[in-house]
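Participant: Numbering (this note's numbering), first residue to last: 43 to 301.
Encoded as structure tokens, here's the structure I'll be asking about.
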């Protein structure tokens, strides 16, 4: 997506798209520069169409599509809460956003990857999505592998990851431990990064090594709340947290803000 534009749609709760029934609606868009990755447009989508009247799903999708066309966007990402409101199938954040999230973590000496299990491979996400996950692993983790000493794969289907685990052992000398469940023994305090690829499930709070960084690829609200409630020593990261912080605070690479 180099030099292209990505649009992030997020939900603005309690807000109406129109002030009056026959007035024009507004969805403010703020643009951020992402260096070589192009531009990011953040668009706040009102929860209601008019006053407290719910959106017609077709009209909401039409408005989102219009904005994408107007912005000449190459890709987009919907906040999970908004995807459910619009009845749009939730998708994983574009890879450029996951790269931004990973760039925030400290040097990962111990890397724990929670992959899909039998319930996901044959489920709604499909085999092709599973293959793309494995390809994405190479691209996302390549910059960090020279610093990783231990890799733990948490899944009940380790055979699907053999190409990747063979590669990191042959190229970087990183051995892989396969397990069906998380455990603190697989990491070290302050030097562990957990990557959670599962779309659903719990965070297994008590089994995460102390002071670990926890990267949630699907930005699951339940996992975030569980970790914030039970493990305040854990640093939770996700694309939605990154983007929402950006929208709230901004940074010095803002290039435009308009309605």
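Using N, Cα and C, we set each Cβ at its ideal position, and we do this for glycine too.
#1: What does DSSP give as the partner residue(s) for residue 192 in the beta ladder?
#2: According to DSSP, is residue 207 part of a helix, a strand, or is it coil?
#3: Does the Cβ of residue 170 have 16 or more other Cβ atoms within 10 Å, making it buried, or fewer, making it exposed?
#4: Residue 186 to residue 137, Cα distance in whole Å?
#5: Mark residue 180 as exposed unless 16 or more other C-beta atoms lie within 10 angstroms of its C-beta, in which case mark it buried.
#6: Are there 16 or more other CB atoms within 10 angstroms of the CB of residue 83, so buried, or fewer, so exposed?
#7: Check whether the Cβ atoms of residue 182 and residue 140 sit closer than 8 Å, and answer yes or no.
#8: Under DSSP, the alpha helix (DSSP H) around residue 284 begins and ends at which residues?
#9: Does the separation of the CB atoms of residue 154 and residue 207 fall below 8 Å?
#10: Report all residues from its chain with a CB closer than 6 Å to the CB of residue 60; omit the five preceding and five following residues, and keep chain order.
#11: How is the alpha helix (DSSP H) around residue 255 delimited, first residue to last?
#12: Please identify the residue among 94, 157, 58 whose C-alpha is closest to the C-alpha of residue 198.
#13: Looking only at its chain, what residues have a beta carbon closer than 6 Å to the beta carbon of residue 76, apart from the 5 residues adjacent to it on each side?
#14: What is the DSSP secondary structure of residue 252, counted as helix, strand or coil?
#15: Check whether the Cβ of residue 197 lies closer than 7 Å to any heavy atom of the ligand ZN, and answer yes or no.
#16: Rounded C-beta distance between residue 115 and residue 49? I'm assuming under 8 Å.
#17: Return helix, strand or coil for residue 143, following the three-state DSSP convention.
#18: Please classify residue 204 as buried or exposed, where buried requires at least 16 neighbouring CB atoms within 10 angstroms.
#19: Comparing C-alpha positions only, which one of 64, 97, 74, 78 sits nearest to residue 57?
#20: Count the other CB atoms, across all protein chains shown, that sit within 10 Å of the CB of residue 121; report buried if there are 16 or more and exposed otherwise.
#21: Just reading off the alpha helix (DSSP H) that residue 100 is part of, what are its end residues?
#22: How would you label residue 164, buried or exposed, when you count the other beta carbons within 10 angstroms and need 16 or more for buried?
#23: Quick one: residues in its chain with C-beta nearer than 6 Å to the C-beta of residue 222, no 5 flanking neighbours on either side, listed in chain order?
#24: Alpha carbon to alpha carbon, how far is residue 247 from residue 236? Give it in angstroms, no decimals.
#25: Near residue 162, which residues of its chain fall below 8 Å by C-beta distance, leaving aside the five closest residues on each side in sequence?
#26: Mind checking whether residue 245 and residue 263 have CB atoms under 8 Å apart?
Facilitator: For this structure:
#1: Numbered from its first residue, the chain shown carries residue 192 at position 150. Note: residue 192 sits in a beta bridge opposite 152.
#2: The residue you call residue 207 lines up with position 165 of the chain shown. Note: residue 207 maps to helix in three-state DSSP.
#3: As a position in the chain shown, residue 170 is number 128, starting the count at 1. The residue in question, residue 170, is exposed, as its Cβ has fewer than 16 Cβ neighbours within 10 Å.
#4: On the chain shown, position 144 is the one that residue 186 refers to. On the chain shown, position 95 is the one that residue 137 refers to. Cα to Cα, residue 186 sits roughly 16 Å from residue 137.
#5: For the purposes of this step, residue 180 is identified with residue 138 of the chain shown, where counting begins at 1. With fewer than 16 Cβ atoms within 10 Å of its Cβ, residue 180 is classed as exposed.
#6: The residue labelled residue 83 in the question sits at position 41 within the chain shown. Counting Cβ neighbours within 10 Å, residue 83 comes out buried, since at least 16 surround it.
#7: As a first step, residue 182 must be located in the chain shown, where it is residue number 140. As a first step, residue 140 must be located in the chain shown, where it is residue number 98. Against a cut-off of 8 Å, the Cβ pair of residue 140 and residue 182 comes out as a contact.
#8: Position 242 of the chain shown, counted from the first residue, corresponds to residue 284. Taken as a continuous stretch (DSSP letters only), the alpha helix (DSSP H) holding residue 284 covers 281-291.
#9: Here residue 154 refers to the residue found at position 112 when the chain shown is read from its first residue. Here residue 207 refers to the residue found at position 165 when the chain shown is read from its first residue. For residue 154 and residue 207, no; Cβs fall outside 8 Å.
#10: The residue you call residue 60 lines up with position 18 of the chain shown. Excluding sequence neighbours, residue 60 sits near 67, 92.
#11: Within the chain shown, residue 255 is the residue found at index 213, counting from 1. Per DSSP, residue 255 belongs to no alpha helix (DSSP H); it is in the beta strand (DSSP E), 255-258.
#12: To locate residue 198, count along the chain shown from 1; it is residue 156. Comparing Cα positions, the closest option is 157.
#13: Taking the first residue of the chain shown as position 1, residue 76 is located at position 34. The answer, listed in chain order, is 82.
#14: Within the chain shown, the letter at position 210 stands for residue 252. In this structure, residue 252 counts as coil in the three-state DSSP scheme.
#15: Looking for the ligand ZN in the displayed structure turns up nothing, as the structure carries no ligands at all.
#16: Here residue 115 refers to the residue found at position 73 when the chain shown is read from its first residue. Here residue 49 refers to the residue found at position 7 when the chain shown is read from its first residue. Confirmed, Cβ separation roughly 5 Å.
#17: Sequence index remark: in the chain shown, residue 143 carries index 101 (1-based). Correct three-state label for residue 143: helix.
#18: As a first step, residue 204 must be located in the chain shown, where it is residue number 162. It is exposed - the Cβ of residue 204 has fewer than 16 other Cβ atoms within 10 Å.
#19: Here residue 57 refers to the residue found at position 15 of the chain shown. Ranking 64, 97, 74, 78 by Cα distance to residue 57 puts 97 first.
#20: As a working mapping, residue 121 is identified with position 79 in the chain shown. Classification for residue 121: buried.
#21: Position 58 of the chain shown holds residue 100. 99-113 is the extent of the alpha helix (DSSP H) around residue 100.
#22: In the chain shown, residue 164 corresponds to position 122, counting from 1. With a pLDDT of only 43 at residue 164, under the threshold of 50, the placement of this residue in the model should not be trusted, and no figure is reported.
#23: For the purposes of this step, residue 222 is taken as residue 180 along the chain shown, with counting starting at 1. The answer, listed in chain order, is 198.
#24: Here residue 236 refers to the residue found at position 194 when the chain shown is read from its first residue. Here residue 247 refers to the residue found at position 205 when the chain shown is read from its first residue. If you take the alpha carbons of residue 236 and residue 247, they lie about 11 Å apart.
#25: Translated into the one-based positions of the chain shown, residue 162 becomes position 120. Residue placement at residue 162 is flagged as unreliable, the pLDDT there being 49, under the threshold of 50; a coordinate-derived value is accordingly withheld.
#26: If you number the chain shown from 1, residue 245 lands on position 203. If you number the chain shown from 1, residue 263 lands on position 221. No, Cβ-Cβ distance for residue 245 and residue 263 is not below 8 Å.
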